[in-house]
Each structure stands twice: as C-alpha cells, then as structure tokens.
Amino acid sequence: MTEATLGALDKAKLRRLNFHVLGPLLALIVLIILGAMLNPNFLSYGNVTNVLARSAFIGIIAVGMTFVITAGGIDLSVGSMAAFVAGVMILFMNSLIPYMGIGIPLIMAGMAVAIITGFAAGWMNGFLISKVNIEAFIVTLGSMGIYRSLVTWLADGGTLSLDFELRSLYRPVYYDGLLGVSWPIIVFAIVAILGELVMRHTAFGRHCAAIGANEQVARYSAVKVDRARMATYVLLGMLVGVATIMYVPRLGSASGSTGVLWELEAIAAVIIGGTVLKGGYGRVWGTVVGVLILSLIDNILNLASIVSPYLNGAIQGVIVILAVVLQRENKSAD
Amino acid sequence: MTEATLGALDKAKLRRLNFHVLGPLLALIVLIILGAMLNPNFLSYGNVTNVLARSAFIGIIAVGMTFVITAGGIDLSVGSMAAFVAGVMILFMNSLIPYMGIGIPLIMAGMAVAIITGFAAGWMNGFLISKVNIEAFIVTLGSMGIYRSLVTWLADGGTLSLDFELRSLYRPVYYDGLLGVSWPIIVFAIVAILGELVMRHTAFGRHCAAIGANEQVARYSAVKVDRARMATYVLLGMLVGVATIMYVPRLGSASGSTGVLWELEAIAAVIIGGTVLKGGYGRVWGTVVGVLILSLIDNILNLASIVSPYLNGAIQGVIVILAVVLQRENKSAD
Amino acid sequence: QDDTKTIGVAIPSATHGFMGGLNYHAQETIKRLEETYPQLDFVLATAGNAGKMVNDIEDMVATRDIDALVVLPFESEPLTSPVKAVADQGIWVTVVDRGLSQPGIEDLYVAGDNPGFGRMAGEYFRENLDEGDNIVVLRGIPTTLDNERVEAFTAAIEGSGINVLDMQHGNWNRDDAFNVMQDFLSKYDDIDAVWAADDDMAIGVMEAIAQAGREDEMWVVGGAGMKEIIKRIMDGDPQLPVNVTYPPAQISTAIELTALGLVSDAPVTGRFIIGSQLVTPENAEQFYFPDSPF
Amino acid sequence: MTDAVLSLDGVSHRFGTIQVLFDVDFGLRPGEVHALIGENGAGKSTMMKILGGYLEPSEGNVLLDGQPVRFTSLRDAEAAGIIMIHQEFNLALQLTVEENIFLGREIWRGPLLDHKAMQAQSRTLLERLNCPLDPSKKVSEISVPSRQMVEIAKALGRNARILIMDEPTAVLTNRETDVLLEQIERLRAAGTAILYTSHKLDEVKRIADRVTVLRDGHRVLQADASQLTEHSMAEAMVGRELSGLFPAKATPQDETVLEVEGLTVPGHVKDASFKLRRGEVLGFAGLVGSGRTELMEGIVGLRPSTGLVRVGGKVLKPGSVQAARQAGLVYLTEDRKEKGLLLGKSLRENLTLLALDRFTGVTIDSRAEERALSRAIEEFDIRAGDRRMMAGNLSGGNQQKLLLAKTMLAEPDIVIIDEPTRGIDIGTKQQIYGFISRLAAQGKSVIVISSELPEVIGLASRVVVMASGRIAGEVEGAKITEDAILRLAMGLSERRAEAV
Ligand SMILES: Nc1ncnc2c1ncn2[C@@H]1O[C@H](COP(=O)(O)OP(=O)(O)OP(=O)(O)O)[C@@H](O)[C@H]1O
Ligand SMILES: Nc1ncnc2c1ncn2[C@@H]1O[C@H](COP(=O)(O)OP(=O)(O)OP(=O)(O)O)[C@@H](O)[C@H]1O
Ligand SMILES: O[C@@H]1[C@@H](O)[C@H](O)OC[C@H]1O
Ligand SMILES: [Mg+2]
Ligand SMILES: [Mg+2]
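Chains as they are written, first to last, in my numbering: chain A, 30 to 363; chain B, 30 to 363; chain C, -12 to 281; chain D, 7 to 506.
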C-alpha cells in the first residue's frame, strides 16, 4: 500500500467516524446556539448551573445504564428504584434522629444507606437476570412495579419528608458547591469521567462490550460473563444510590411520583449518545451529551414559550429524532 | 452415538422444548386456578367476557408488536398512537355529522379513518426506521411524544368526546357480539389467528424472523429487508387502528391520558409470550397468552381485597417475573 | 348474612400528594366503617388510568356483587357510560369530585368546586396585586379539571391589569414544578406572585425561589391544603399568604353518606359541593390535620 | 471454445482506498468447473462477490452472456441464475434448516406456505448430499460441518445456471467433500458453470477443468488444470518455492501434563479417557459428529460434563474456562464466526480479549496492546489492509490467523486447536505447522483436532480416534496411517448408522 492511499483512507474513515462521533455533539451545539438566540439569560451562570445540576440525577443513572446496555441488557426499574432508595433513606434518617442527633454523621449514615439499598436493588436485578437467567426486560419491568409500589406503601400513599431541621443541614449538598460549581455538577462530572475511563480503559469495559457483541465469543474467551453482567446491574444500582443522595436534599421528600419515567429518559440519553441498544458498543461521554440534550430541550421550551405548551412533547420528540439523524450510520457503508 | 444416548438426548431436548413452550401456558393455568379459588364468580360468563373483551385492545396491538419485535425492532409509540388515532377518529366523526347524519355509514367512515390514520402513523415510523435508518427506539420514543402531544393539543388539554347520539349507535361494537361472544373478543381472536397464520405460514413471517436473526443473511437471501421491516411497522399501525375502533365505543372519548403505558404492556405481553426481545424468533399465540396473563393479574387483584392497594404493583411485578421463570431457557444448555 | 351489603370504591391511585391524601382518607374511612357496621363490606380499587378504572368497576359488578359504588372518575367522559351502566343495574352510585359528563346518573354527588377553586385564588390575586404586576402560573396535568380552574382564575383577574407572564404545566408534581419555576426565574426579572394551583407544586416552586434568593420579591399561592403548607400559613410565612382548600377528605364524606344510605332507611341523595375555602393565617388552624399524609 | 456466460472485463476493486483487485479479466464457461485459487487475502472472495452481484466493482464491467450487467438487487442476480455460496456462513441461526434453505424463495400452496413440500425438498436435497439432518432442527443446534452442508443444499435448491462456491469444503471432512464433488460433477454434466475456491489443492486438481490464480489482487495465471500440478499451483499462488509441508515431529517427554478420566458430556461424549504428555502433539480424528469438539469443550469447562480432568496432576475445577486458562489450558474453537472473533470489533480488541489480564494494571495498556498486535501481524502473517479495521473485514484465512494469534497470546502450556488450518492457504499452513511443532519443541503440549487426515498424520506423534461420542482407539508412531484411522473411525459409525 502506498503512503498516498493510506492518507486518503484515513480521511475517508475520519469523515465517517466524525459524523458518527460528532453527531450528538453537533446536536448539542445547535441547541445551545438556539437557546442563546431565544433568550439572553440562557447562557447566564444561573441558568447553566440549573440545567447542569438538574441533569445530574438522570446523568449519573445514565452513566450506569450505558454499561448495562453495552453489555446487552436493559434496566426499566431505575426510576422506581430511585424513589424507593430515597424513601428508605428518608425513613432511615428520620428514625435515627433520636439516637444519632441531627448532624453530619447522620447524613453520612443516610448516604451509606442509599448506596447499600441501591447496591441491593441492583444485585437483585442482576441476580435474576444473570443467574436465574430471566429476560432483563421482564425482570426490571417487574422490579419497576415492585419498587414503585413499595415506596408508595412506605409513604402510605403520600409523601415521605425528611425532618425539617435535618433537611436544612443536608440542603447544601444540592444547592452549594465548590468554587461556584454546585455539588451535583461535580459529582456528575466525576461519575462521568470515571465511567468513561472504566468503559474505555479497563478490562471490565471491554468485557461489557464483548458480552454485548457476542456472548458466546466472550465465554469462549474466558470472560466471566455472568459476573460481568451482574456487575453492570450492581454498578447501576449503586449509581442510582448516588443520584438519590443528590436528589433528596433538593426537595427533601420522596413519594410514589418520584423518578417517574427516569428510566425512559436515561435509556434515551444513552441511545442518543450513540451507544447501541442491542449492546456491543457504548460510550459514556456520548451519554453525557445525550443527557444534556434532553435537559436543554426542556429548558429551551420553558425559556422560549413559542407555542402552546400542549405541543412541548411534540417538539421534544422532533428534536430527539433530529439529534439522532445527525449520527446515523450510512447503511450502504456496510 | 449409541441408541441409548440418542434416546436420552432426544428426551432432554423434548423436556427443554416443552418447558419453553408450555411455560407461559402453565403460568396462565395457574392464574386461572388461583382466580377460581379466590372467587366463585371468576369463571362466570360475565367475568370471562369482561376480561377477554378488555384484553382486546392491548391484545390486538401486541399481535402487531410481535412482528415488529421478531424482526428486531421495537415500537414505543403505540399507546400514544392509539390516543391520537382515537382523537382523530372522534373529531372526524363529529365533524361529519352535519353532512352524513348519524348512521352506520358515518361509523364505517370513522373506522376507515382510524385504519388510515394508524397506517400513516405506522408508515411514518417505518419510514424513519428502515429508510432513513434511525434507531427504532429513538424514532418511536420521539413519535410517542409527538402523538401524545398532538392529541392533548387537539383536545385543548381536555377530552375529545364522541357526539352522544352517535356514541349510542356505536356502543354495541364494544358491548354486543355474536352468539354471546362480544365483538372485541371476536376481533381479537381473528387478529390473533391471522397473526399466527402469517407468522408461521407465510413468507412474511419467516422473513421477519430472518431479519431479526441476521439482517445480512436475509439480505443475501434476496429478502427485501427494508420493505419487510417497514411492513411490520405499518401492520402494527393498522392494528393500532383496529384496536382503536374497538376502544372508542367503550369509553367514547380520547384525551392525553388515553393509552398511557400501553406500549409497555404490549411489549411485556410479547416477551412473556416467549418472543425474543432482540428479534429472530416470535410466536403470536404466546403473545396472546401473555396478554391474558397480564389482564388476569389485574382481575385477580380485584377479586379479593388481600392487601393494601399500594402493594398491587408489587404483586403484579412478582407474578410477571414468576410467569417468565417458568419458561426460562437453561443457560448451560447452549 | 343475607343483609350484608358491599360497597365498591374506585379511585385514582396515589400518584401525587392530593391523591395520596385521598387514598389515605378512603382507606381510613373504610376501616372505620367496617368496624362500625359489621354488615358492610368494602372493595377498594385504585387505577392509574381511565381504562383500568372501568375494568375495576366491571370487576366489582361481575365478581363482587356490589350494592353501591363510590367513584372518583379518573376522567369524566370515559367513565360516564360505564358508570351509567352500573346505575342502570340498580346499583347505588356516588360520584366524587370529577363529575360525569351527563347529568342525573348518580344518586349522590360529592365534590369540590373546581371553578370556585380557581376563582377564589384569582380574586385573592386581584385584591392583593396592583395594575401592571407580573405573575406566572403553574398548571396541573392537562385535564378538563385543570382547564376549569385556570379558566375561572383567568376570568377572575380579567381587567385587573395583572400581567400573566407565562403558564406552563407542572403536572401537580414537585420536581416538574421546581424545574419550570427555575426556568421562569431565569427568564423573568420581575415576578410579583406565583399561582401554583397545587401544594405539591408550591413546594417545588418555593424551593426554586429560595435557591434564586428571590423570596422577598414574590409570594406564592398553592392549593388543596397540604398540611406542611397549612402549617406555614399558620406560622405566618409572608411568602405563603393564603391557600385555597380542595379537601381530599371529600372522599370520606362520600363513603360515609353512601354507607349511611345503605344501612339506614333514609337514603341520602343529592349534591354535596364542598366549596373551596380561603385559608388565612387567622383560620389556618382549623384546616391543619397533622396525621394525614397530605 | 465455448463463450463465457459470466465474465469480468478489466475489474478493479477498492475498499475505501485499499485496492484489492487490479484490472482482472476473467471468463466462466458453461459446463466447466473453474477453480480460483490464491493466498489468503489475495482477493478471491471479493472477486466472487463481484461476480455474484453482491459487490459492485470500483472499475470495470461484469458481463452476463457478453452483455454488461449491473444488478440492482440480489433478486436480479438470482433471477439471472447466479447463485453463490459464501465463505462465511450465510445462515440465520435461530431459523430451522428448512427455513434457511428456502429463505427468500419459499414455496406456496394457495395463500399459505407449503411446509410439506419444503420439508420434503429439504430432505431430498440433504439426502443428495448424504447428510441425514432433520430439516426442522434449528441451525444453531447443528454442527459447523452440517451448517456447511445446509448452505450447499440451499444453493443446490436454487437451480443455478452459474454456481459460485467460496471454499465450500473448508469445514468438510473427506467423506463429505467426496459427496460434494460428486454433486459438482453432476451439475457440470448438466451444463452449469461452476466457479470454485479451495485451499485444498488436491481437490482442485481432481475437479477443476481450468484454474485461475490470483496473487495480491492480480491475475497471475490462467491455465487448463491438466497442465498444472499441485506443486506448480502452490508456487504460482505463493510466488516462491515451497518445500516439505510438515516439519519433523518432536519427541514428547515422559511427564503427563493433562489427564482426562471418564469424561462424559451429556448427549455428546461418553466416558472418554486419555493422557497428554509434555512436548507432545496429539492428534484427534473422527468423523463429523463424533464428538471431538464437545469433548474438548467439556475438558476446558465450556460445556457441562462429568468426569475428571487433571492438569499437571491437579484436578481442574469443572465448568470454569477461567480455571482452565489459569492452569495454562486453552481451547481454540472451530467456529470462528460465532465463538471465536468479535467480527464488529477491531483486530486489537480481538487479539487481547482472552489474555486481557496481561495488559491490565488498573487500566489497559493500549500501547502494549498495539505492540502485541504488531508482533502478531508479523508472526502470523496477518494481512490486513489497515490495522484498525474490523476483524469481520479480514479475509477468511486472515481471520483464522488472528484467532490463532489471540489464543497463543494467552501463552498456554497446553493448547487445544480445533481445525487449525480451516481456510488457510498452503503457504501459511506450512508456517502454522512449523509453529505447532516449535511449540512442542519448547515443551508445550498441543492437541490438534482436524478433519484433514494428512494434517493429523503429518503433525501428530499419536492420534486418538473418536467415533460416536466414544474414544474408539488410538494409533501411534509408524502405525499412524490413513487406513488405520479411518477403520477406527468408521467401524463404530457403521453401527450408529444402523441404530439411527
Ligand atoms: N468489507 C471490507 N472492508 C475492507 N477490506 C476488506 C473488506 N472485505 C475484504 N477486504 C480486504 O480485501 C482483501 C481481499 O479479501 P478477500 O476476502 O477477497 O480475500 P480471499 O482471497 O478470499 O482470502 P481468503 O483465502 O483468506 O478467504 C483483504 O485484504 C481483506 O482484508
Ligand atoms: N450426521 C449427523 N446427524 C445428526 N447430528 C449430527 C450429525 N453430524 C453432526 N451432528 C451434530 O453435531 C454434533 C457434533 O458436533 P461436531 O460435528 O462438531 O463434532 P466433531 O467430532 O467435533 O466433528 P468436527 O470435527 O466436524 O467438528 C452432535 O451433537 C450432533 O448433534
Ligand atoms: O389530582 C388533583 C389534585 O392534584 C388537585 O390539587 O386537586 C384536584 C385533584 O383531582
Ligand atoms: Mg475468501
Ligand atoms: Mg468439531
């Protein structure tokens, strides 16, 4: 092969690659420009902070979902799981006030409970899927109903609220931050960076992609398929715990309506970001872009009030489809 | 291989097959026995008719969904599509009363509109998925938002109602029947039988499975892949139209909350019935069993006030998972 | 044994604060009445959509042989003829809150007053704001009921010179309301008051205002009388001057009256409209029920 | 001289910018068997796909009956009577044998499919190939060789005027190959034009009328088969002198490194016991379905099994591929497409998947991976246009080399190679044989399963023969002859034939 042809090849590859890679980024940039044009406050510190901080819950969960989907799975239960974890956390913290008093230790304990509950919930899903070998869609559809129902039951149909004083102490975890960057944003960023690292640069990430691409090949290559698959659900469960830790200080409450449809948003963010729904290929940074796209659509619709609010959903739908058109692979290329 | 081992092998295969095949049926039978034990009226003509007739909407849609999933696709938009089709149908019929008068022709025209609208909606999904080549999950997530939003907008945030007199004329299409079997049951049965026939005994059914199993192989075998894939969405859209024709006389109205979560129920029914979520294998009769299982769970929960209504969702979830445990394939066998 | 009567109760499931409260009151009332009247049986079903509610009602008739039905229609239109079918079988029907779209089906109607709810809030805005003041509105889930409230509210402030800057759906949900309010705050520099139309939404709204540090700039009126909100009115929170009631306990009234109709010879028919009331710091105490989940 | 039915006129082809065919002229005549041979990656499959209507050439024309054609869909090609058997399997695994055979040309009776007719025709086709498979079995449940027979049946059933077969015999045993060649002769007699690729030059010599040789995308030779010997064909392909194919056999040491005792894989293998010594190349022979693959998969923990496996004297934890790998025991699958390689992933990711732990501290050292890839490309002569390409875009033979490289990267002490040279050209075969024998000389032990008897005979110092899921016997040293092996393999298989 001559040098010249290699160069040309590189360019062709690059072009194709770039579309696929840059698609979601491009959509994001278009949205940002649109937002800035529609409203001068769009790029204000306040609005940017709001949007990023709000994205954190879904974002943190979607990072975990990226692993699950890459490994060929799906998890419909994350929204109810978040509600359930929040409920358990609040009940636990309230009930420990008499013993531990209101203070940092109690909040730390609450956080630990959130992670542990998330871990357990994810473990349960993972166990049924990878050991008992039930279709992930069904397991998590089932557990979605179970967690949602349990939190409603725990709250007696109403809302579980964190003790008022305790809440005041905990509140800064959502509203304050470091050097002007609020905590949820920081945590989301850390989770995303770690996630990208794990996906791209560790054996676990490789194994997830291998399992999603062809489980048989993974098995024949001495990959511990069950364990890795299980780990994706456990990781996701723990990240649901982390998301909840950020969520509870925001409004200090949890109810049957907490986290409704988060699963759909998280999955959508993952797919918009370029991860393949049937597994085999995933990218965490894409997911982050996907999450931001979804949050921005809402934000822009609120800021612009262009049309009947009844049509917000339609505009959302159109934008989501358009965002993905940009990154579609050219079919004839294969 | 000696005769003995061959025989053993065959038996093992048979057992595995049977479990896989009989799993959902078994679950259904268990539920029926449970229901009959809980309440003597469970097997009454009235209750059986109720349960079957109300299964018809999801059932008819789920038959179409079986084809979509078998061919490796997914459709999240069917619930909102049903709402949208119902809305369009109602508006259309109401607006034609001055011209056509209230009578059978108007109802027939309304039915035609429902099928045509469903056809168009399905065609749109199919076009974006198979021609523009966008991930089915995203397309139908987008169109789910679009249809839902459009019906809310058409109804001005409220409810679209069929003209009262017209409604009385149309009502028997849900509530009456032939020889004591109500129309929705008859239509559901016809759709299911035709669906099973098409899936099992036509080239289209085979092509769907082939596309879902390995698109490249299908293409290389001169299967018109795009056309077949498109056809699955169009078929599903038309069946949504048929389901709507049965739905409108029942409730006489459509609103933003019509058909919420039908997509999830339809997909769940398909998977419970043994169709493979990633495509390549589907069975319509299994879907029918899946739909019945889901309906019966609700019905049985209403038969006996066993627990707090808050926990209904949890019980549902557990039963769904259990129903599928029965048919899980033995992993080590592969 | 023969004079055992069964009452079916069909209500929407506890998907948000108000409905949570309503579910709570329904269960409490049933428990209480089952103790008082051993000859009464109750069947409670909760539904997440209109279709499921129709199913529940069908099941009650077909398998539980109910003698009376208490129903809070998920939506008016789709529930009308199924409930009518029940009434036509001679079963006693009590309708709660959201009326049916055809008059005369039910034997008893117990409801809050949605237009009144909106009007009362609107009148308060009219009296307490000046011409040229700016407000934003958070609406509920797109429904007829929400439309009625918003129409009445709009009518009440008409001609007052109050500017409605924006209306968006907060879906009676805390998180959605929080997001929408955050964006309103980014978008508008001058907001004098917020009509949140529901106390769950009011909570999200107040949190967003607090985050922006604009508590002194505007006050908020929610609705339905959630205990936390009532408490703050009682305590004289300047940000929450008043509230408009829409009591979830109306379901108790409905079930009780129905039960009474079945056990006594004098059935209670007619319409009981539980008008919305304005909760002020002065009268707040009588609306405070610390044990209710709402 | 008869006119060509299908020909290429000045055809060049590029993937991206890598040119793989250079100005090729070619003509296929009715009633001839034309062999297309060349090294791995020479461009044979590419050329066949162009002829079959699966690829459009970058330059030049395809002529059908002398007229330039451009097929817009595969249906058109099929309608013109052109049928192709692909090198890589072209079957939908979840579908049954019959469904695959009739995919895209189902038989109808009235409005519905005629299952009976399709079942019967499938049976007939398979019988013609001497392959008594149940047509209602799912393809995922049948063995690799059987899949190839299904593929052939699928093509035969389409009544071709022009039949293009890309390495149809790579996965077949001699016996099945014979059946296939008979069929080819029958078709030739009926006037079908047949284009045929194989790396088994004896076959080519036996069946071909004419031979075309491709080297690096250039047509370097076209001649009547009668004018060529196996040796001259090989030389034309490789472009250099080829000496003896097999290296000298190493002598095994006394130490037993692997001991299998009473291993049973339910449904496939019954009570198998054997030993493997250090530095030994142990051959495994047997007919298709004799259970060799399943036995090995049982040993390394890929299939549930009962019985004992000792590695270096220590009992191996059953059912764990990881345990086997840790004990230095690795298995290379015969099914490279479904079990061996991730076709959609890069060469690098494939290469290191099995031995990823060797490249991983906290994170994966991708530069070390790149170095490993360079070494593998060198050592196994993997010809990739671009080292960042997907494994699935490698030519068939090069995929096999990548799979070998992947397995060897795990540095096993004992390696079980199932069909090591499937689809590999003669020059590379020689390299691989050399490689196996060097492994043994280094004190590693190798089990070679091969359906090519010469391979087993040329490499192994001892051969275990399986029949019907049992070990039928074993031959050693000078007693390793084709005759001895076949007698062991057939004796029991005759009995099975009666039983079935
Ligand atoms: N889709 C593709 N994209 C990029 N390169 C390809 C593609 N298909 C084939 N190639 C390259 O084209 C060259 C020729 O491949 P081809 O499959 O025709 O070889 P072959 O002669 O059939 O080899 P083998 O004997 O190994 O089957 C190889 O270098 C291969 O990597
Ligand atoms: N002629 C046949 N009839 C029925 N089943 C067969 C036949 N040939 C193969 N099989 C199936 O294939 C399996 C055997 O696999 P396989 O052919 O891989 O064995 P093998 O001895 O390793 O042969 P090979 O070396 O060709 O791979 C058996 O489980 C059997 O079900
Ligand atoms: O659900 C509604 C509730 O949220 C609102 O506040 O009051 C009316 C109810 O129907
Ligand atoms: Mg090839
Ligand atoms: Mg084998």
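Ideal Cβ placement from N, Cα and C applies to all residues, glycine included.
C-beta contact flag for residue i and residue j at 7 Å
{"i": "B:D192", "j": "B:N123", "result": "yes"}
{"i": "C:Y111", "j": "C:V(-4)", "result": "no"}
{"i": "B:T169", "j": "B:S284", "result": "no"}
{"i": "D:E173", "j": "D:K343", "result": "no"}
{"i": "B:V107", "j": "B:T273", "result": "no"}
{"i": "C:P129", "j": "B:T99", "result": "no"}
{"i": "D:G391", "j": "D:I24", "result": "yes"}
{"i": "C:N101", "j": "C:E135", "result": "yes"}
Range of the contiguous beta strand (DSSP E) that encloses residue i
{"i": "D:Q228", "result": "H224 to D230"}
{"i": "C:G(-5)", "result": "K(-8) to P(-1)"}
{"i": "C:E114", "result": "Looking at the DSSP string, C:E114 is not in any beta strand (DSSP E); the run it does join, the alpha helix (DSSP H), is N101 to N115."}
{"i": "C:I46", "result": "Note that residue 46 of chain C is Asp in the sequence shown here, rather than Ile. Element bounds for C:D46: not the beta strand (DSSP E) but the alpha helix (DSSP H), A37 to R51."}
{"i": "C:A32", "result": "L27 to A34"}
{"i": "B:K203", "result": "A small correction: the amino acid at residue 203 of chain B is Tyr; Lys does not occupy that position in the sequence shown. Element bounds for B:Y203: not the beta strand (DSSP E) but the alpha helix (DSSP H), P201 to Y204."}
{"i": "D:R212", "result": "Run containing D:R212: none in the beta strand (DSSP E); it sits in the alpha helix (DSSP H), L207 to I213."}
{"i": "B:A352", "result": "Per DSSP, B:A352 belongs to no beta strand (DSSP E); it is in the alpha helix (DSSP H), N341 to V354."}
{"i": "D:M19", "result": "Note that residue 19 of chain D corresponds to His in the displayed sequence, not to Met. Residues L12 to F21."}
For residue i, the first and last residue of its enclosing alpha helix (DSSP H)
{"i": "B:P69", "result": "It is not in any alpha helix (DSSP H) - B:P69 carries neither H nor E in the DSSP assignment."}
{"i": "D:Q127", "result": "H121 to R134"}
Nearest-angstrom Cα separation, counted from residue j out to residue i
{"i": "D:V145", "j": "D:P151", "result": "11 Å"}
{"i": "B:R256", "j": "D:S249", "result": "55 Å"}
{"i": "D:G403", "j": "D:S51", "result": "11 Å"}
{"i": "D:A98", "j": "D:N106", "result": "7 Å"}
{"i": "B:A37", "j": "D:T262", "result": "Confidence at B:A37 is low in this model, with a pLDDT of 45, below 50, so the placement of that residue should be treated as unreliable; the coordinate-derived value is given next. Distance between the alpha carbons of B:A37 and D:T262 is about 34 Å."}
{"i": "B:L332", "j": "A:V263", "result": "37 Å"}
{"i": "B:A343", "j": "A:M129", "result": "33 Å"}
{"i": "A:F86", "j": "D:R309", "result": "43 Å"}
{"i": "B:I215", "j": "B:M275", "result": "11 Å"}
{"i": "C:I(-2)", "j": "B:S334", "result": "15 Å"}
{"i": "D:D71", "j": "D:P36", "result": "10 Å"}
{"i": "A:G75", "j": "D:A333", "result": "60 Å"}
{"i": "C:A236", "j": "C:R51", "result": "26 Å"}
{"i": "D:V17", "j": "D:L57", "result": "10 Å"}
Contact test: residue i Cβ vs ligand 7 heavy atom, cutoff 6 Å
{"i": "D:A48", "result": "You won't find ligand 7 in this model; what it holds is ligand 1, ligand 2, ligand 3, ligand 4 and ligand 5."}
Bridge partners - residue i, DSSP secondary structure assignment
{"i": "C:H156", "result": "C:R126"}
{"i": "D:E247", "result": "For D:E247, which the question treats as bridged, DSSP gives no partner whatsoever."}
{"i": "A:A283", "result": "A:L189"}
{"i": "D:H40", "result": "D:L201 and D:R216"}
{"i": "D:I423", "result": "D:L338 and D:V454"}
{"i": "D:Q73", "result": "D:L70"}
Practice task
Please list, in chain order, all residues with a C-beta atom less than 7 Å from at least one heavy atom of ligand 4.
Solution key: D:K50, D:S51, D:Q93, D:D172, D:E173, D:T203, D:S401, D:G402 and D:G403
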